[in-house]
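A.B. asks:
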Amino acid sequence: MIRGKSAIACGVLASIHGLALVANFAAPYSFAAQQREFAWAPPTSVHWLDRHAHFHWRPFVYGTNGADESRMYPLRFFVRGASYRFAGLFPSSRHLFGVDAPGVLFLLGTDGFGRDQFSRLLAGSRISLTAGWLAAILSLALGTVLGGMAGYYGGWLDDLIMRMSEISLALPWLYLLLAGRAFLPLDAPSSMAYLILISVVGILGWARPARLIRGLALSLRERGYVLAARTFGASGPYLLRTHILPDAAPVLLTQMALLAPQYIMAEVTLSFLGLGIDEPVPSWGNMLAGVQHYHVLTSSWWMLLPGIAPAVVALCCFTIADALAGRRGVVPL
Amino acid sequence: MIRFAVRRIFHAAVLLVLISLCSFALLQLAPGDYVDAMRLDVSISPGTAAALRSRYGLDRSLPSRYFSWWRSVVRGEFGVSFAYGMPVGSLLWPRMKNTLLLAAIAAIGSWFIGILLGVATAITPSRVLEHVIRSVMSALLSTPDVLIGLALLLLAVRTGLFPIGGMGLIDSGSTSARARDVAAHLVLPVTALVLISVPVLVRYVEAAVRDALRSPFIQAARAHGIAPWRILTGYALPAAANPLISLFGYSIGGLVSSSLLVEVIMGWPGLGSLLLESIFSRDVHVVIGATLVSALFLITGNLIADLLLYATDPRIRVER
Amino acid sequence: MNSSLAHRVSAKAPVKLFLRLSVVVFLALGCVVYRVPAEEYLVTSAAPGKYGGDLVVAERSEPKTLNPVMAVENVSREVIGLLMADLIHINRYSQQTEPALARSVDVSSDGRRYVVHLRQGVKFSDGYPFSAEDVLFTFQVYLDPKVDAPQRDLLTIAGKPVLVRKVDSDTVLFEFAQPYGPGERVFDSVYILPRHLLLRPYTEGKLNDSWDLKVAPAAIAGLGPFRFREYVPGQRLVLERNPYYWKQDARGQRLPYVNKVILEYTGSEDAEVLRFENGGADVVSRLSARNFDALAQRRNPSEILIDAGPSLEYNFLFFNLNDLSTKNLRHIESKQAWFRDVRFRQAISSAIDREAIVRLVYAGRATAIWSQVTPGSKLWRSANVVSSPRSVGKARTLLASAGFSWNQAHKLIDSSGRPVEFSIITPVNNSERVQMLTVIQQDLEEIGIDVHIVTLELRTMLSRITTTLDYDACLIGLATGDADPGSEMSLWPSGASAHFWEVRPTAPPPLWQIEIDRLMTAQMSSNDPRERKRLYDRVQELVAVNLPIIPVVSPDVLAGSKAGLRNFKPAVLLPYVLWNADELFWGARQ
């Protein structure tokens, strides 16, 4: 079952999601806080050995983002910083770690406004992860319903649903997204607009899981116990609900583990093309969009680092999917 | 077999018509049209803009525009691009050739590497090698396409080894010089596409070969004492070919669509970059034309896969 | 017998020969004198150069057409400007007019009649001679309502199209319905079309379909420095030297110097820079400030980077001042009480940290502006517009005097206790404006205002500000093609097509708007430059005080070229670097 590599993967995923939940607490700065004098600053180096080769138990940073070696700012836990609402419930201003002002701690550097990339990465994980799971759930739900019906009932319904799936795979979904973006009222919070957009992407993606579920339903409906239930007068929907779908559960779970990272990647692509969430809210995608610019590409290499986050999540999900699929052979992507 | 092919072609034609209908309908959802952007150009008066709008038929109703689009399709033009003032067909064709060149070479490359690595993973006795290949492929699969493209771009900028952007094709010089120039410009986009598509292929190939190797007839062959290499090439691979052929069909369409991102990042003058620009400038006939072309690739890919399967796998013929 | 005949023939032969020769010479002289006038050249003042080499220009979008009547975006216009010529040309560097195809112009004292004397002996790029017939044909085409050329609006003054009459084979008379402020500037970019190639399409009604990018090089000809050679779709457009070009340098060498101009299509500004760095392009223009700095830091000795100073582009914030009574937009209508108060707008303007925007967004390569006329327009900028540095205190005082106050959470509330918040829309494709909004958002937060930034796709945004009117505030940038206030007529008078902040004006308009209308109309029909400047100065002052728009910054014109290119002088009028393409040459080895 779940052991070895997949256990590690589960652990990593759980911690990433946990961090996302308490992003405001875990991040040393607020995602929108601009420190304009530190624009385009490279990552702060954290030291244990000082200039005189003395070892300090508590790691520290040098002043002015490492330039001023005469001042040392030790890393502290549970520091006071910008206030926020913990898990959206009660206000707090304690952060997991940080350094006292005027020292700065930019673990992943800063962007053009002096905003800490590490804090933005954590805040962005909320947006990107929610987007991925939401789209995956929607696409899987719709695909299961339609694919199950197609496979079980067969005939013209099957043909119709399969042809519809081919259409939806070929349509310019980018256009639909432009339209979706345009019709949302202005005072809808941008995160809401974005989630609606992602839902549309998820709904449009029903075709691929539908084909899979259809194949499954096709094979399952000929099974002995299903035939037996039919002779007892069980109706189609009853059979689907009680017998076929539960057997399909492992496949569905695997699909879920495969779809979520793919939709997270889709979000990255969308933001890259300019359809993502608005300033100043970060997402993994729109943090990468800035790398297209020549000056970022050549002088600010740390702006590429947020791309590792979706890669890690995808890797863990694929590992879990592999483990779930077990020896059933190829994991259909 | 002929009846099968004809039925599928008929289905494909109906599908393309439906896609064109849906696309036309969808295009109206987003407010604004091509001519709107001219509001920001203060030298163009609203009168000129309105005249332009009626010249392009943008003030007519949707059904009337759809019908005149059909008339243009029959003439072979597939509508007129608002931006270029040229028939869409003559705009798409050269770009399509560029994308096909890129996709074909990337397909050959990724299938070659995919089969190599997939078979290697399936048959190697060394757990280490198997593990290494699997991990590298997993890492590649997990990396966002955008990141792969950007990282390659950064590499190219830093080393200055490969030309970035465009297709080369200096007009002076011999054919071999031009071919070498195009090849140099192909390196970056093809590498990106191969890196994006290889991991999935390796998975499938590995799974298919593994499955084939586990089947009873292979064990029987082994019991007969047939040489392992002969078993692999003569028995296992042909059996593994079935799922791979369907995959090949699907991958043609997929390759064209993933080339969109690569074309945009690397500046390859193909269909994808034209499509994106037309979407943002609301050049609707170009968008529909390009959508139909990519749909055509997808459907053709499926059709080829089905036909190949029919031709090569006797089991399907028996089922029918 | 034979010898006497031979004698007679040989004695008369020299005379006959002489007669024949003189007839030939006389005829030839007649041809030369009466049919083929000597070529008149325009002598340029730029440094003389030498021939040879190709010029590769990186462009971020493709030209879409070669037809002057159909060209509506900048790259197409740029290419057409290389292929064709006008009667009077505005020198993009000095911003003054110069004679071009016209040798000289006589203006009547009332400023309504222009007698244009054409340059003689000029030929099109296919060798066909140029004459007044081409000028007449050109203006007939541009003014024809069936053609719907954008040039028609520019040539329609006080509602009447300009009258064009041929005086003789190289003189043409133009008559305006009333004196025209910009004067002979109207002729700039009104490119002369070849009658011998376009008459037939025009009479058949097919002029608008001619000269797309698939045109055969033999079917297109112009009077510009280059002629069309080849178009490779999605990649490049190739122009070659026009051997009949009518300009020469001080040493008598016929321009242009380079053999070919190759416009390479790259797709985006960053791709342009990559191509420039990679050696694939020789010239790159309209660089963003950050990319410019990144290039400058590499200190590549084979590159020259030039900051030509502030452009004519001005970025500004405006509020929705439309009459929304017929629309169902209650939530915006209720906010208009704030927007319409001039003290509110002045407070916003005071609170915006323009210097921070210049520093952060443009790395110092921009200028803060307080009126719509930027420092790039040296001749028209009013000295009376005061540049007021950022002052949060002044903003607070203004807001307090307008009835606003601050609540416990330091948020701004109006007189009825509503917290002040609004959204600003901007097109998504310009990252610098989005960054500008991020700074503005933080600046306004300091005086207690919550601002939401909404990026929209360009046409969607335009639809909101021109049709549905569903927006609170908007940040865009505009650039007119010419510094002359004539090109701003579509902006300032109420009811003008680009009068975005008040597409549906409320009645009655405020006094200052009425005054602006009067001033703009007056300067258009005055032909005294000093008077026009006085009038337009007043317009700038009214805008700066009443703030129908809140000007923010104007970015610099940034361009780069390879080190061997000479006479490279980026200007602040479009086209920034190719305006003198005929004078560019390669000094060192290419």
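Chains as they are written, first to last, in the numbering used here: chain D, 57 to 389; chain A, 356 to 675; chain G, 204 to 793.
The C-beta atom is built at its ideal place from N, Cα and C for all residues, glycine as well.
Can you list, in chain order, the residues of the segment 631-646 of chain A whose Cβ is nearer than 8 Å to any Cβ on chain G?
C.D. replies: Result list: E632, F635, R637.
A.B. asks: Which one or two residues does DSSP pair with D371 (chain G) in a beta bridge?
C.D. replies: Bridge partners of D371 (chain G): G:T374.
A.B. asks: Assign L222 (chain G) to one of two classes, buried (16 or more other C-beta atoms within 10 Å of its C-beta) or exposed (fewer than that).
C.D. replies: Around the Cβ of L222 (chain G), a 10 Å sphere holds fewer than 16 other Cβ atoms; the residue is exposed.
A.B. asks: Below 8 Å on the Cβ atoms is my contact criterion, and I expect P404 (chain G) with L410 (chain G) to pass it. Report the Cβ-Cβ distance as a whole number of Å.
C.D. replies: 5 Å
A.B. asks: Any C-beta of chain G sitting closer than 8 Å to the C-beta of Y350 (chain D)?
C.D. replies: yes
A.B. asks: Who are the near neighbours of A404 (chain A) in its chain, counting only those whose CB is closer than 6 Å to its CB and skipping five residues on each side?
C.D. replies: V390, M393
A.B. asks: Quick one: Cα of A762 (chain G) to Cα of R263 (chain G), how far?
C.D. replies: 14 Å
A.B. asks: Taking the beta carbon of L286 (chain G) as the centre, do at least 16 other beta carbons fall within 10 Å, making it buried, or is it exposed?
C.D. replies: buried
A.B. asks: I'd like the list of long-range same chain contacts for A421 (chain G), defined as Cβ closer than 6 Å, with 5 residues on each side in sequence excluded.
C.D. replies: none
A.B. asks: Taking Cβ positions, are Y517 (chain G) and G680 (chain G) nearer each other than 8 Å?
C.D. replies: yes
A.B. asks: Ignore the nearest five residues each way along the sequence and tell me which others in A274 (chain G)'s own chain have a CB closer than 7 Å to its CB.
C.D. replies: T268, R280, I283
A.B. asks: At 7 Å on the CB atoms, spell out the chain A contacts of L661 (chain G), in chain order.
C.D. replies: A392
A.B. asks: If L694 (chain G) sits next to A701 (chain G), beta carbons under 8 Å apart, how far is it from one beta carbon to the other, in whole angstroms?
C.D. replies: About 5 Å separates the CB atoms of L694 (chain G) and A701 (chain G); that is less than 8 Å, so the two are in contact.
A.B. asks: With H, G and I counted as helix, E and B as strand and the rest as coil, what does DSSP make of P302 (chain G)?
C.D. replies: strand
A.B. asks: Would you report the Cα separation of D396 (chain A) and T683 (chain G), rounded to the nearest angstrom?
C.D. replies: 8 Å
A.B. asks: Anything in the segment 474-487 of chain A with a Cβ closer than 9 Å to a Cβ of chain D? List those residues in chain order, please.
C.D. replies: none
A.B. asks: Should S604 (chain G) be labelled buried (16 or more other beta-carbon atoms within 10 Å of its own) or exposed?
C.D. replies: exposed
A.B. asks: Are L678 (chain G) and L640 (chain G) close, meaning C-beta to C-beta below 8 Å?
C.D. replies: yes
A.B. asks: Among residues of its own chain, excluding the 5 on either side of P348 (chain G), which ones have a beta-carbon nearer than 8 Å to its beta-carbon?
C.D. replies: The answer, listed in chain order, is R355.
A.B. asks: Between the C-alpha atoms of P436 (chain G) and L353 (chain D), what's the straight-line distance to the nearest angstrom?
C.D. replies: 28 Å
A.B. asks: Contact criterion: CB-CB distance below 8 Å. Does N294 (chain G) meet it with respect to chain A?
C.D. replies: no
A.B. asks: Can the beta-carbon of R439 (chain G) be found less than 8 Å from the beta-carbon of E467 (chain G)?
C.D. replies: yes
A.B. asks: Does any residue of chain A have a CB that is nearer than 8 Å to the CB of R478 (chain G)?
C.D. replies: yes
A.B. asks: Say whether chain G places a C-beta atom closer than 8 Å to the C-beta of N453 (chain A).
C.D. replies: yes
A.B. asks: In chain D, what lies closer than 7 Å to T498 (chain A) by C-beta?
C.D. replies: A367
A.B. asks: How far does the beta strand (DSSP E) with Y447 (chain G) in it reach, from first residue to last?
C.D. replies: Here Y447 (chain G) belongs to no beta strand (DSSP E), and DSSP marks it neither H nor E.
A.B. asks: Return the chain-ordered ranges of every alpha helix (DSSP H) run that is complete within the segment 311-386 of chain G and spans a minimum of 4 residues.
C.D. replies: 335-346, 354-357, all fully within the segment 311-386 of chain G.
A.B. asks: Quick one: give me the first and last residue of the alpha helix (DSSP H) that N749 (chain G) is part of.
C.D. replies: 732-749
A.B. asks: If we cut at 8 Å on Cβ distances, does Q645 (chain G) have a partner in chain D?
C.D. replies: At least one CB atom of chain D sits nearer than 8 Å to the CB of Q645 (chain G).
A.B. asks: For F116 (chain D), report the span of its beta strand (DSSP E) as first-last.
C.D. replies: 111-118
A.B. asks: Pull up the CB-CB distance for L515 (chain G) and S580 (chain G), whole angstroms please, since I reckon it's below 8 Å.
C.D. replies: 6 Å
A.B. asks: So that I know if they touch, is there some Cβ in chain A lying closer than 8 Å to that of D243 (chain D)?
C.D. replies: Here D243 (chain D) scores only 49 on pLDDT, less than 50, and its place in the model is too uncertain to base an answer on.
A.B. asks: Kindly indicate which residue of D:W357, D:V347, D:S224, D:Q318 has the alpha-carbon position closest to the one of L677 (chain A).
C.D. replies: There is simply no residue 677 (chain A) to check, as chain A begins at 356 and stops at 675 in what is shown.
A.B. asks: Does the distance from the C-beta atom of L672 (chain G) to that of K463 (chain G) stay below 8 Å?
C.D. replies: The answer is no: Cβ separation not under 8 Å.
A.B. asks: How far does the beta strand (DSSP E) with H399 (chain G) in it extend, from its first residue to its last?
C.D. replies: Taken as a continuous stretch (DSSP letters only), H399 (chain G) belongs to no beta strand (DSSP E), being part of the alpha helix (DSSP H) at 398-406.
A.B. asks: Going by DSSP in three states, N633 (chain G) sits in which element: helix, strand or coil?
C.D. replies: coil
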